[in-house]
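Right, one structure below, let's go through it.
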Amino acid sequence: MAAYQQLHTYLNNHYEGMDPEQLILLLFKGALTRMKLAREGIEEGNIQKKGENLSKVIAIISELNASVDPTMTDESTRFLRGIYTAILTELPKVTLNNDLKTLDRAKAYISRLKEIWETDVMAKKQASLTEIVKNTAPKRSFQPAFNPDRPKTTFQAISV
Numbered sequence: 001m002a003a004y005q006q007l008h009t010y011l012n013n014h015y016e017g018m019d020p021e022q023l024i025l026l027l028f029k030g031a032l033t034r035m036k037l038a039r040e041g042i043e044e045g046n047i048q049k050k051g052e053n054l055s056k057v058i059a060i061i062s063e064l065n066a067s068v069d070p071t072m073t074d075e076s077t078r079f080l081r082g083i084y085t086a087i088l089t090e091l092p093k094v095t096l097n098n099d100l101k102t103l104d105r106a107k108a109y110i111s112r113l114k115e116i117w118e119t120d121v122m123a124k125k126q127a128s129l130t131e132i133v134k135n136t137a138p139k140r141s142f143q144p145a146f147n148p149d150r151p152k153t154t155f156q157a158i159s160v
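Each residue of the sequence shown is one higher than the one before, counting from 1 in the numbering used here.
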């Protein structure tokens with residue numbers, strides 16, 4: 001039981017300091033990893049591997065869908081909700097009939113969303129942070145390490 005508590009504490013601390021953008025990226029990566037494992041389960045005929053990983057993919061996609069701001073009603077947000085809903089509708093069917101085409105299609109959508117997230121959201125955030133740091137960093141002027149006009153210290157004045 002102590003090991004479980006230590007693992008739980010570690011995971012909480014690990015994710016606690018992350019930005020929401022980083023967490024979303026981790027969800028995309030986790031979904032893609034689980035889809036790959038589910039595909040392997042289907043190909044190997046391993047029902048447990050397929051089922052466990054498909055259920056985790058469904059949970060991750062549900063979390064991604066829940067993370068979309070419900071107050072936003074623009075076209076791209078509606079489209080994103082539509083993709084998540086379609087994936088959530090289709091993935092359970094993979095469990096029943098081992099439909100690799102449906103799994104691959106869902107994987108392609110999630111891969112593309114991950115790519116968009118990395119290039120549009122994460123890259124822009126990094127650029128914004130770099131600009132903020134650049135603009136708030138103290139301005140320093142160059143000062144030479146050696147100044148011939150500076151008086152010599154006692155140690156420097158002693159000649160041997």
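Every residue, glycine too, gets a C-beta built ideally from N, C-alpha and C.
By the Cβ test, the segment 24–43 is in contact with the segment 97–111, since at least three Cβ pairs between them sit closer than 8 Å. Three or more Cβ pairs closer than 8 Å define a contact, and the segment 88–100 meets that threshold against the segment 51–69. Counting only runs of 4+ residues, the alpha helix (DSSP H) found wholly inside the segment 52–101 occupies 75–97, in chain order.
Look at G41 here: in three-state DSSP terms it is helix.
Pairing K56 with S111, the inter-Cα distance amounts to about 16 Å. Cβ neighbours of K49 within its own chain (closer than 7 Å, five residues either side excluded): L37, E40, G41.
Considering only M35, L103, S67, the residue with the shortest C-alpha distance to N53 is M35. The shortest CA-to-CA distance from P20 to any of A66, I58, E43 is the one to A66. Here the alpha carbon of T73 sits roughly 15 Å from the alpha carbon of Y84. Residue state for M35 is assigned as helix, using DSSP reduced to three classes.
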